[in-house]
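Protein chains in written order, with my numbering: chain V, 168 to 409; chain H, 168 to 409. Yeah, the Cβ is synthetic: ideal placement off N, Cα and C, and Gly gets one too. Single-structure report; data block below.
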DNA sequence: AAGTGGTCTAGACCACGTG
DNA sequence: ACGTGGTCTAGACCACTTT
């Protein structure tokens, strides 16, 4: 089927992929150790790790630091343009969400935030840092920067649930305009550590900038996701006629 | 500054990154060869390649098959929700676009297309396969599936420019609803080969499903991008008040 | 023909997670 | 204490690109 000169690591990748698809079912299943795979396929760990890196890049397996390689769960479908919270997405798709608020404080708007938000530099801004889980796997860290003008006292609320729900129900705020930025990157020190992956692991960055109907800055949200944890689904334009 | 036990490949990554940022500006600049870097930093090619892979994952350098490593150009900003063609995006941002139509034909809708589009299985569909460049670098391959009901004769037109412009100007078609799907993946055989990268290179997948105001399927677009070539920017909701 | 990245071997020691 | 992945060495040959 495949040419005889196919590199060993690609053959191994394909055999592992087939094995995962055939044998296996449940996510979070652990693969044999690298040494065992090397022995079983009569090659070295370097080559085994090339094959594993391919499957990792494709989002089929992920590594848990010095514990082993595991089969990746299904991607979470996620629409960053909608006013629906993370917890509800996860629950609707049959998983168990969890959110940890890592820190929340009032800061002075740094220059970069001023540039994108229109706030004056040094103006007070709520900063909230959260880590979110699907089942037991940490899949994203999130930095929220919020204009306190319209939601004074927000930091006293419970921020482990949806901030948008707080906006809506507690403060009567309704973002009218949003700009999304999405691109892939390598996760750096703080985010990688918070997600329990190594520096340079593949990630997906989502930034959401929200204003109200008067054009006043409401919130900037910067999310760092594991690259294999989500599939973005966005609906734009008029809804279809019934 | 950094702890003395920082791995060699991370030190090397940081030194290379600093060197790229300081010394160098122009994209497409070639790095020293792996062997030369190994010698200069008194280490081995394996370690050098770990450092290079980190910079590649971060989108700062890319490899050209057996020619060397090069500094990545700036990301193209791209809004897949707007009726603006690729060529115009590229031109507006100061680059030179190029599009090659690799194939175009009339096919029968396969089962998977029927499932997402609502077309009957086996119904006639135009299929267009294109490769697109920013300057001299191939950055994406694109599969278009188009409902011929409203644009008969499309395959006789020049498809190296914008298909949406053809929809609008030649056929009077205006997509009213679109669903976008975006996620990262590893590029597989046909797409990787078409882009001149190796199997398993990191990519970004964008799918765009368009209907007209009656809910009739117009077009399905599946784009496979090099992961470092673009930054998605989407505006949703009401535009800001002036 | 020379140089490059692509692939691969056969080891080694270390840091960390788990029993 | 043991097994795991994380890091690293010092080579080798090959396929391909460029000169």
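Option in the options with minimal Cα separation from residue i
i, options, result
"residue 236(H)", "301(H), 393(H), 195(H) and 389(H)", "195(H)"
"residue 316(H)", "337(H), 299(H), 292(H) and 324(H)", "292(H)"
"residue 359(V)", "274(V), 307(V), 282(V) and 183(V)", "307(V)"
"residue 394(H)", "369(V), 343(V) and 181(V)", "369(V)"
"residue 304(H)", "287(H), 243(H) and 353(H)", "243(H)"
"residue 174(H)", "381(V), 378(V) and 367(V)", "367(V)"
"residue 238(V)", "250(V), 253(V) and 220(V)", "220(V)"
"residue 401(H)", "298(H), 383(H) and 247(H)", "247(H)"
"residue 275(V)", "178(V), 313(V), 259(V) and 263(V)", "313(V)"
"residue 326(V)", "261(V), 296(V) and 390(V)", "296(V)"
"residue 375(H)", "258(H), 324(H) and 343(H)", "343(H)"
"residue 384(H)", "283(H), 241(H) and 180(H)", "283(H)"
"residue 334(H)", "251(H), 356(H) and 382(H)", "251(H)"
"residue 200(V)", "185(V), 218(V) and 188(V)", "218(V)"
"residue 227(H)", "380(V), 233(V), 351(V) and 388(V)", "351(V)"
"residue 337(H)", "347(H), 324(H) and 348(H)", "324(H)"
"residue 222(V)", "177(V), 257(V), 203(V) and 261(V)", "177(V)"
"residue 224(H)", "257(H), 188(H) and 184(H)", "184(H)"
"residue 209(V)", "179(V), 189(V), 187(V) and 233(V)", "179(V)"
"residue 261(H)", "241(H), 320(H) and 229(H)", "241(H)"
Beta carbon proximity, residue i to chain H, threshold 9 Å
i, result
"residue 399(V)", "yes"
"residue 209(V)", "no"
"residue 348(V)", "yes"
"residue 353(V)", "yes"
"residue 345(V)", "yes"
"residue 242(V)", "yes"
"residue 172(V)", "no"
"residue 329(V)", "no"
"residue 248(V)", "yes"
"residue 474(V)", "Since the first and last residues shown for chain V are 168 and 409, residue 474(V) lies out of range."
"residue 407(V)", "Since pLDDT at residue 407(V) reaches only 47, below the 50 mark, its modelled position is unreliable, and the value read off the structure follows with that caveat. So yes, residue 407(V) belongs to the interface."
"residue 302(V)", "no"
"residue 168(V)", "Because the pLDDT of residue 168(V) is 39, which lies under 50, any placement of that residue in the model is unreliable, and the number read from its coordinates should be weighed accordingly. Cβ-Cβ to chain H under 9 Å: no for residue 168(V)."
DSSP bridge partner residues for residue i (one or two, in chain order)
i, result
"residue 351(H)", "371(H)"
"residue 235(V)", "231(V)"
"residue 311(V)", "295(V) and 388(V)"
"residue 378(V)", "344(V) and 384(V)"
"residue 256(V)", "DSSP output for residue 256(V) lists no bridge partner at all."
"residue 266(H)", "299(H)"
"residue 337(V)", "Paired residues: none, contrary to the question."
"residue 197(H)", "237(H)"
"residue 402(H)", "346(V)"
"residue 245(V)", "399(V)"
"residue 273(V)", "293(V)"
"residue 305(H)", "300(H)"
"residue 393(V)", "370(V)"
Sequence-distant residues of its chain with Cβ nearer than 8 Å to residue i (five each side left out)
i, result
"residue 205(V)", "211, 212, 214 and 215"
"residue 231(V)", "237 and 363"
"residue 298(H)", "266, 267, 269, 305, 307, 308, 309, 361 and 362"
"residue 254(V)", "264, 266, 328 and 329"
"residue 273(H)", "291, 292, 293, 294, 315 and 322"
"residue 287(H)", "276 and 281"
"residue 356(H)", "366"
"residue 372(V)", "348, 349, 350, 351, 352, 389, 390, 391 and 392"
"residue 207(V)", "199"
"residue 403(H)", "248"
is_contact[residue i, chain V] using C-beta, thresh 9 Å
i, result
"residue 403(H)", "yes"
"residue 177(H)", "yes"
"residue 259(H)", "no"
"residue 395(H)", "yes"
Beta-carbon proximity list for residue i, same chain, < 6 Å, skipping 5 on both sides
i, result
"residue 265(H)", "300"
"residue 197(V)", "235 and 237"
Sequence-distant residues of the same chain with beta carbon closer than 7 Å to residue i, five excluded per side
i, result
"residue 345(H)", "248, 375, 376 and 377"
"residue 340(V)", "317, 318, 334, 379 and 385"
"residue 496(H)", "The requested residue 496(H) does not occur in the structure, where chain H is confined to residues 168 to 409."
"residue 332(H)", "252"
"residue 187(H)", "227 and 238"
TODO: Compile a chain-ordered list of the residues in the region 364–391 of chain V whose CB is closer than 7 Å to at least one CB of chain H.
DONE: 366, 367, 369, 371, 378, 380, 381 and 382
TODO: Give the residues from the region 204–229 of chain V that approach chain H closer than 7 Å (Cβ to any Cβ), ordered along the chain.
DONE: 221, 224, 225 and 226
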